[in-house]
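First the structure, in the form of structure tokens, and then the observations on it.
Protein chains: 2
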Amino acid sequence: MAGETAAIVVDWGTTSLRATLVDARGNELENIETSQGISSLNKGDHEEVLTAVLAPWFSAHGALPVAALGMVTSRNGWIEVPYVPCPAGPAELAAGAIRRSLPNGSDLVFLPGLTDPLRKPFPDVMRGEETQVAGHGLADDATIIIPGTHSKWAKVKNRRIDSFQTFVTGEVFALLLNNSFIARGAAQPPVDDPEAYRWGLEEAKNSGAMLSLLFSARTGGLAGKLSAEQLRSYVHGMVIGQEFRQAREDGWYSEGGEAIIIGNDGLNDLYVAAANVFDLEVTMGKDDVLIRGALNVIRHTLS
Amino acid sequence: MAGETAAIVVDWGTTSLRATLVDARGNELENIETSQGISSLNKGDHEEVLTAVLAPWFSAHGALPVAALGMVTSRNGWIEVPYVPCPAGPAELAAGAIRRSLPNGSDLVFLPGLTDPLRKPFPDVMRGEETQVAGHGLADDATIIIPGTHSKWAKVKNRRIDSFQTFVTGEVFALLLNNSFIARGAAQPPVDDPEAYRWGLEEAKNSGAMLSLLFSARTGGLAGKLSAEQLRSYVHGMVIGQEFRQAREDGWYSEGGEAIIIGNDGLNDLYVAAANVFDLEVTMGKDDVLIRGALNVIRHTLS
């Protein structure tokens, strides 16, 4: 049952703006998505764009608190919100938020990203995933995986996000598939082959020599063992498998351990299969953790 | 002192044809380079192209033995020469060569590539580097490094190339620099910074979590520690450093060991610096190993 309209959450990234109208329980009422990502805008354009996008909702419901997060809070966005350091929960994230007003009197809260100052060689950073982890809930200590172009592994400890680490897995896979020696060999249109994907995972489990293992995408074809139809999934398995291997070596889990996958970037099934090969027991978080996390943080900010 | 004209070596790759006229001692007398790589040619065009390129030399010196190697001997080239399996020296390579005649009566010898059937998950392959190793000489057992887009590490043992392994280091570096999140941050025109390069090597020595370490190319900038001018060399250090780390883990050397760098792909100084950081003592082979190796193999073939 949807309750009364309570807030708007704006996930404003490099290539898109996604606004969600929610009730007090965090149920999604309506969505608007446009291609007005921050890379398409000039400094000074943001307020006008946002006001225009949200105008129908303001007309219908009056002023509403708006949470804005994502790259819009980065150096290249609207207002740069400094990263909040780990360990942090909703209270620390709320304390790091920047509050403004829109022309119609609506509160506008820019949510901060998170930094892990202990990560080597430089502090690690995220913008958006910390809100997802907060939305998942911090009651239980856990290892959280957020698959993506730049995947994140995070530890929840004592009701706060204690630490995290980035893996640029999705980006490396896309580079290999679209721009490397592998591109010429893969079947078009792309084929997903779960068995070839699992094979790639197994090879990553067998060898951490990633720069060498990648060449097996060519030698497998030369040997007549790997078909053009298998190539894409095999390479995806090798690359995601390297993430699981490296995350284990960096202490994010041990064989037989547990983790939770959150977020919804279309990769979750692949990550479940990877966890299975690497003997990590995973469960899936809810789909709407970003909305829940944003509401949680702005409640702290506006209370 | 140059002796009598003895042979022609044609290094015929994907994007270029490089012909070298040599005397019996392997001294280079003249060079011709054209952009008639095999990717620009149709099946059936090769003999005509080669005859036209070599015509001035045939006019001046009459028929001469011609050694052809590189991608021209691959599936997409002129004549596919099957890979010869390791262990192999000049005699085994010569036995795997394919012999033809050009219209003017010149012997044309297509040199084979090499395969290492024991490499996992599939047999590894090279086309051209085996000739470089043969040209370096096989008298002493050694670890040989051939830097390149697809670097090779090879073991010489009992006067033969015993085994080898490919690392796609140069290709991954180019992808990262030109097509990834790193591309936007690097200074233009490109800057080479030996100190930043060494820094990247040290970080690769500290961490094998390559998919995570690569993100330091962004976080270093956000932290104000890594400048746009340092970025290119830092990333190059991280990637070549991963090759040295992985080669060590796969048994190609131990700390305090020795290796020889051959070939001349513009990377040798960078590989010397990497070896230094990884406590591997390297010496440099001669520049003209490809010519020497090709002469050595065709002598076996034509004798």
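Listed in order, the protein sequences are those of chains A and B. The first sequence lines up with residues 1 to 303 when you count with the numbering used here. The second sequence lines up with residues 1001 to 1303 when you count with the numbering used here. Ideal Cβ positions, reconstructed from N, Cα and C, are used throughout, including at glycine. All values derive from a computational prediction rather than experimental measurement.
If only complete runs of 4 or more residues are kept, the stretch 1088-1156 of chain B shows the alpha helix (DSSP H) at 1090-1095 and 1129-1136, in order along the chain. Taking 7 Å as the cut-off, the Cβ atoms of TYR83 (chain A) and GLY113 (chain A) count as close. Counting only unbroken stretches of 3 or more residues, the beta strand (DSSP E) elements lying wholly within the stretch 206-284 of chain A are 258-261 and 281-284, in sequence order. Each residue's CA atom was taken as its position, placing GLY1241 (chain B) and SER1216 (chain B) some 14 Å apart. Residues of the stretch 1163-1176 of chain B with a Cβ closer than 8 Å to any Cβ of chain A, in chain order: GLN1165, THR1166, PHE1167, VAL1168, THR1169, GLU1171, VAL1172, LEU1175 and LEU1176. The beta carbon of ILE161 (chain A) lies closer than 8 Å to those of CYS86, PRO87, ALA88, GLY89, LEU114, GLU130, VAL133, ALA134, LEU138, ALA154 and LYS155 in the same chain, with the five residues before and after it left out. Within a 10 Å sphere around the beta-carbon of LEU1118 (chain B) sit fewer than 16 other beta-carbons, which makes this residue exposed.
By the Cβ criterion, the stretch 46-58 of chain A is not in contact with the stretch 1014-1031 of chain B, since fewer than three pairs of Cβ atoms, one from each stretch, lie closer than 8 Å. Contacts with chain A at 7 Å (Cβ-Cβ) do not include ASN1042 (chain B).
The shortest CA-to-CA distance from ALA68 (chain A) to any of A:THR169, A:TRP199, A:SER106 and A:GLY221 is the one to A:SER106. Interface residue (Cβ-Cβ distance to chain B less than 7 Å): GLY105 (chain A) is not classified as such.
For ARG100 (chain A), the closest C-alpha among the options A:MET71, A:GLY237, A:GLU47 and A:THR34 is that of A:GLU47. Cα atoms of ASN178 (chain A) and ALA273 (chain A): separation of roughly 23 Å, rounded to the nearest angstrom.
Cβ neighbours of GLU249 (chain A) within its own chain (closer than 8 Å, five residues either side excluded): GLY208.
Here DSSP, grouped into helix, strand and coil, assigns ASN1031 (chain B) to strand. If you check each beta-carbon in the stretch 1246-1266 of chain B against every beta-carbon of chain A, the ones closer than 7 Å belong to GLN1246, GLU1249 and ASP1250. Put simply, the CB of ALA1196 (chain B) is far from chain A, with every gap to its CB atoms at 7 Å or more. Here DSSP, grouped into helix, strand and coil, assigns SER1059 (chain B) to helix. Note on geometry: alpha-carbon atoms of LEU1102 (chain B) and LEU1108 (chain B) lie some 6 Å from one another.
Just measuring C-alpha positions, the residue of B:GLY1062, B:ASN1206 and B:ARG1075 sitting nearest GLY1013 (chain B) is B:ARG1075. Rounded to the nearest angstrom, the gap between the Cα atoms of LYS1120 (chain B) and TRP199 (chain A) is 13 Å. Rounded to the nearest whole angstrom, the C-alpha separation of THR1169 (chain B) and TYR234 (chain A) is 20 Å.
Selection B:GLY1096, B:MET1284 and B:ALA1060 evaluated against ASP1269 (chain B) yields B:MET1284 as nearest (Cα-Cα).
Identification of chain A residues near ASP1124 (chain B) by a Cβ-Cβ cut-off of 8 Å yields PHE215 and THR219, ordered along the chain. Closer than 7 Å to the CB of GLN230 (chain A) there is not a single CB belonging to chain B.
Taking 7 Å as the CB threshold, MET210 (chain A) lines the interface with chain B. The straight-line gap separating the alpha-carbon atoms of GLU92 (chain A) and ALA1142 (chain B) is approximately 58 Å.
CA-to-CA, the gap between ALA7 (chain A) and GLY96 (chain A) works out to about 19 Å. Looking at the backbone, the Cα of VAL172 (chain A) and that of TYR197 (chain A) are separated by about 16 Å. In the three-state scheme derived from DSSP, where H, G and I count as helix and E and B as strand, ARG1299 (chain B) is classed as helix. Identification of chain A residues near ALA1223 (chain B) by a Cβ-Cβ cut-off of 8 Å yields PHE122 and PRO123, ordered along the chain. When C-beta atoms of the stretch 1221-1234 of chain B are compared with those of the stretch 1283-1303 of chain B, fewer than three pairs fall below 8 Å, so the two segments do not count as touching.
Counting every other CB atom within 10 Å of its CB across the protein chains shown gives ASP265 (chain A) a total below 16, marking it as exposed. When Cβ-Cβ separations below 7 Å define contact, SER1180 (chain B) makes contact with chain A. For the options A:ILE182, A:GLN36 and A:ARG218, the alpha carbon positioned closest to that of VAL1125 (chain B) is the one of A:ARG218.
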